[in-house]
Each structure stands twice: as C-alpha cells, then as structure tokens.
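Report on the structure given below.
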Amino acid sequence: MLRNYSPPDEPPDDELPPNGGDGGSTDGGSGEASRPHVPASLLGQALVAWTRICLRFPAAVVLAAVISAVAAGAWSAQSLGYKVSRIDLLDPKSDYNKLWIDYIKEFGEDDDAVIVVEGPSRDRVIQVLSELSQEVARDGVLFRSVLHEVDLSKIRGKGLHYLSPSDLAEIDRFIEQSQPIIEGGWSHLKVATMVGGLAGRMVAGSLSPPGDEPSAGGIQEPPLASLERYSESLLAGLEGSRRAADAGSSGYVSPWPSMPESLSTLRDLSSEHLLAKEGRLGFVMLRLAKSKDGFAGASAATDELRRLIKLVGSHHADVTIGLTGLPVMEDDEMRTSQQSMIWASGLSLIAVIVVIIAGFGGVRHALMANGVLIVGMAWAFAWATASVGHLNILSVTFTGTMIGVGIDYGPYYIRRYLEMRRRGLG
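For the working numbering, add 18 to where a residue sits in the sequence shown, where the first one is 1.
Structure below.
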C-alpha cells in the first residue's frame with residue numbers, strides 16, 4: 019500500500035523510471051547515479067551553494083524573500099516614474115531631436131484643449147461661452163491662457179498696415195496739404211481761402227496739357243468733386259435745423275475727403291467670439307496643467323474641466339457642451355493604456371496559474387510558482403527603479419512580458435523537484 023502512495027500533485031508510481039524509483043542505476047551498480055551532479059562552472063557552483071542554503075534554512079529564506087519583495091514593491095510604487103513624452107523615445111543626441119527640443123523651448127509643446135458649445139441661437143451660445151470662461155478662469159493652477167473671444171479693437175492702431183499703396187499716397191497728400199493748418203495757420207480754414215484754392219486748382223487743371231496727369235500712385239480727387247463736397251458741407255451747416263428734422267439724417271456733411279473703405283471696416287471692429295455655423299457653434303480654448311511624471315498627464319485638469327462643463331451644462335438644458343483637443347485625447351489614451359495594462363497583467367497571471375494547474379494536476383505547485391514569479395517581479399521593478407528610475411511609454415507591456423517570460427523557470431524547478439521526490443532525493 020505504501021509502495022503505491024504518491025504525494026499530492028505528483029504523478030503516480032506507474033510513471034516512475036525502470037529502476038523502481040530507488041535512485042539506483044539500471045546496471046545494479048553502486049549509488050553513483052543517485053548523487054547529484056555538481057556543475058564545473060562558477061555560476062553553477064554558486065547556484066548549487068545557494069540552493070543548499072535555501073534547503074538548510076527554508077523558513078528564513080522565504081521570510082527574507084517576502085519581506086524584500088514587499089519592500090521592493092512599495093519602493094517601486096513610490097519612486098518608479100513613467101515618461102510618456104514621445105521625445106523620451108528618441109536619441110537626445112540626434113540632430114532632429116535637438117531641433118525639436120529647441121523648438122519646444124522657444125514655442126512650448128502644449129496644445130490647446132477646446133470646449134465646444136452648440137446651441138439653438140447665437141445669443142445662447144455666447145451666454146454659455148461667457149459663463150464657461152468665467153468658471154475656468156477662476157482656477158489659475160490647472161488652467162491658463164483661456165480664450166473665448168478676440169478683442170479686434172486693438173487692430174485699429176495698426177490700421178495703416180491694411181491700406182493699399184494708393185490709399186497711403188492719398189493720406190500722405192492730405193497731411194501735406196493740411197500741414198499749414200497743423201502748424202497754426204488757421205486762416206487756411208476760411209471759406210474764401212478754401213474756395214479760392216479749389217478754384218485755382220480747377221483753372222490749373224484746365225490749362226494743363228493732357229499728358230500731364232499724375233501717376234497711378236498719386237491720383238488726386240478732382241477739384242470739382244472737392245468743391246461740390248465743400249458746398250454741400252456749407253449748405254448743411256447753414257440749413258442744419260431743417261436737415262436735422264429729416265428722418266435718418268444727421269445734419270452734418272464733412273468737408274474733408276472720406277476715409278478709405280478699409281479704414282471704415284476697421285472702425286467697426288470690436289470683440290468677437292469664436293463662433294461657427296452662423297453663431298450656433300462656439301469654442302473656448304485653453305491650456306491644461308500637466309504632471310511631469312507618471313501616466314497622470316493632464317488628468318487632474320481634465321477631470322476638473324469635465325466637472326465644470328457638467329455644472330454649467332446642468333443650467334442650460336438646450337445647449338450641448340463637449341470637450342476635445344490633443345491634450346484631452348492623450349489623457350484618455352494614457353488612462354486606457356494604464357487600465358489595459360492592469361487587466362492584461364491580471365489575466366496573464368490567471369492564465370499562467372490555469373496552465374500550470376492543468377499541466378501538474380494540482381493547485382499547490384501552481385501557487386508556489388506564481389508566488390515566486392511575483393517576488394521576482396517585485397525585485398525586477400526595484401532594480402529598474404534603482405538603475406534607471408523610470409519607464410517610458412513603451413513599457414506599458416513590461417508587467418505582461420515579465421509574467422509571460424518569467425514563468426518559464428517555475429515549471430522547470432517544479433518538474434525537477436517532483437522528479438527528485440520520486441527518486442527519493444526530496
């Protein structure tokens with residue numbers, strides 16, 4: 019009965035070798051075959067010596083392994099960082115990477131997050147845009163460079179940059195003609211002086227030869243048109259009361275040449291919101307604060323921004339508010355990658371346990387192999403923390419790869435252990 023007994027998780031005796039499992043050789047000789055083979059290499063001898071220490075003090079070795087694994091895991095969780103920037107994947111000494119780093123130093127690498135507001139009318143969209151921008155601008159730590167409207171009135175100070183050369187020549191000529199008035203010659207504004215000057219220009223123009231017209235860049239207003247405009251201005255001034263009574267009339271006609279059409283357009287410029295689709299679609303652009311280490315990125319800013327969007331959206335049921343932009347998409351990508359890594363690591367560990375159970379026919383050895391694997395993973399993470407200090411974006415598969423590759427050694431030890439137990443050496 020005792021001869022046919024096999025320990026749990028071990029194959030039955032019908033799989034024993036022909037020597038009956040007594041450790042002797044098949045030729046009936048001495049017990050040389052039962053003695054373990056000692057490797058000749060230094061590494062092999064060191065492993066044999068370490069194995070003998072583990073067999074002599076099993077409890078102390080297991081306790082030390084568990085304590086060191088827990089300490090290594092805690093240290094790695096606190097100190098091991100992740101660099102998710104794509105720059106960290108390139109050689110920092112390469113020319114194109116140096117150019118990219120210089121560009122980032124000059125212009126920055128942050129992209130805009132965009133809040134999109136869609137409503138039934140322009141007024142409703144502008145109302146929500148203003149409320150959203152006020153809520154976001156209150157937090158100067160997570161958000162910056164908030165933009166929901168453009169103040170175009172400041173462009174008026176650069177109005178001359180938008181004029182054509184002919185308009186600039188006309189303005190220059192008008193300033194030259196008005197220079198005596200600017201210097202204090204108010205007599206030039208008298209009616210007789212101005213009418214006489216226009217009459218003199220008309221006579222001079224009628225006496226000049228046909229080929230003596232000014233060039234295209236210096237085209238002047240005809241004296242007759244200037245005289246007509248000046249006459250209308252005088253008439254408006256003399257009959258101001260009657261003209262003011264007319265509907266839609268201001269009662270004033272300027273005696274001076276009219277402003278160029280481009281300057282008239284700039285005069286109407288004011289603050290403009292970022293709108294599209296005839297005002298039914300609006301945008302708020304802003305920058306998000308990012309964490310330097312880890313997968314977090316702009317997670318804190320993104321979560322707070324989504325909370326503010328939900329808060330404002332609850333007050334405007336007829337308006338749809340969304341969030342987009344490269345920082346937001348990158349943050350969602352990092353979160354998805356982190357969750358996928360956790361799920362993949364857990365499923366890999368469970369699959370390895372199932373495979374070992376199916377191969378050895380028991381749970382005990384499977385749990386032992388995976389326990390050793392977890393201890394080894396904790397040591398590996400600690401070594402990465404001490405030697406490098408961080409992992410990059412490609413290291414999301416680090417844990418899954420370690421589980422798939424590191425478990426290979428566990429079955430070897432288990433199989434060898436069971437074989438030695440059958441031979442009576444365990």
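Here a beta-carbon is modelled for each residue, glycine too, at the ideal position from N, C-alpha and C.
The Cβ neighbour count for residue 78, taken over all protein chains shown within 10 Å, is under 16; the residue is labelled exposed. For residue 301, the enclosing beta strand (DSSP E) covers residues 299–306.
Annotation: the continuous beta strand (DSSP E) that includes residue 132 extends over 131–136. When the Cα atoms are used, residue 149 and residue 157 turn out to be separated by approximately 14 Å. Under DSSP, residue 293 forms a beta bridge with 300.
In the three-state reduction of the DSSP assignment, residue 203 falls in the coil class. Positions of the beta strand (DSSP E) runs, each at least 3 residues long and wholly inside the stretch 400–424, are given as 408–410 in order along the chain. Annotation: residue 333 to residue 92 spans about 45 Å, alpha carbon to alpha carbon.
Straight through space, the alpha carbons of residue 323 and residue 346 are spaced by roughly 10 Å.
Pairing residue 387 with residue 90 gives a Cβ-Cβ distance that is not under 8 Å. In this structure, DSSP gives residue 157 a state outside helix and strand, which the three-state scheme calls coil. Burial is judged here by how many other beta carbons sit within 10 angstroms of a residue's own beta carbon; residue 383 has at least 16 and is buried. Assignment of beta-bridge partners to residue 339 by DSSP yields 135.
Secondary-structure assignment with DSSP links residue 123 through no beta bridge to anything. For residue 293, the CB contacts under 6 Å within the same chain, skipping 5 residues up- and downstream, are 300 in chain order. Taking a contact to require three or more Cβ pairs closer than 8 Å, the stretch 364–377 and the stretch 163–173 do not qualify as touching. Linking residue 327 to residue 101 through their CA atoms gives a straight-line distance of about 29 Å. Here the stretch 121–132 lies against the stretch 338–356, with 3 or more beta-carbon pairs under 8 Å apart. Residue 372 carries a helical assignment under DSSP once its states are collapsed to helix, strand and coil. The beta carbon of residue 362 lies closer than 6 Å to those of 418 in the same chain, with the five residues before and after it left out.
Of the other Cβ atoms in all chains shown, 16 or more fall within 10 Å of the Cβ of residue 316; this residue is therefore buried.
Judged by DSSP secondary structure, residue 431 falls outside any beta strand (DSSP E) and instead within the alpha helix (DSSP H) spanning 427–440. CA-CA distance, residue 118 to residue 111, rounds to 11 Å.
Residue 319 is a Cβ neighbour of residue 306, given a cutoff of 8 Å. Restricting attention to 302, 144, 244, the CA atom closest to the CA of residue 163 is found in 302.
In this structure, the alpha-carbon of residue 405 lies about 16 Å from that of residue 416.
Spanning the alpha carbons of residue 297 and residue 141 requires a straight line of approximately 8 Å.
Residue state for residue 62 is assigned as helix, using DSSP reduced to three classes. In the three-state scheme derived from DSSP, where H, G and I count as helix and E and B as strand, residue 379 is classed as coil. Contact between residue 94 and residue 403 is confirmed by a C-beta separation of about 5 Å, below the 8 Å threshold.
Excluding the 5 residues flanking it on each side, residue 394 has same chain C-beta neighbours closer than 7 Å at 424, in chain order. Residue 101 sits in a strand when the DSSP states are folded into three classes. Of the other Cβ atoms in all chains shown, fewer than 16 fall within 10 Å of the Cβ of residue 75; this residue is therefore exposed.
Ranking 203, 205, 240 by CA distance to the CA of residue 219 puts 240 first. Inclusion of residue 136 and residue 337 in the CB contact set at 8 Å is warranted, their separation being smaller than that value. Apart from sequence neighbours up to five positions away, the residues of its chain that approach residue 398 with a beta-carbon distance below 7 Å are 420, ordered along the chain.
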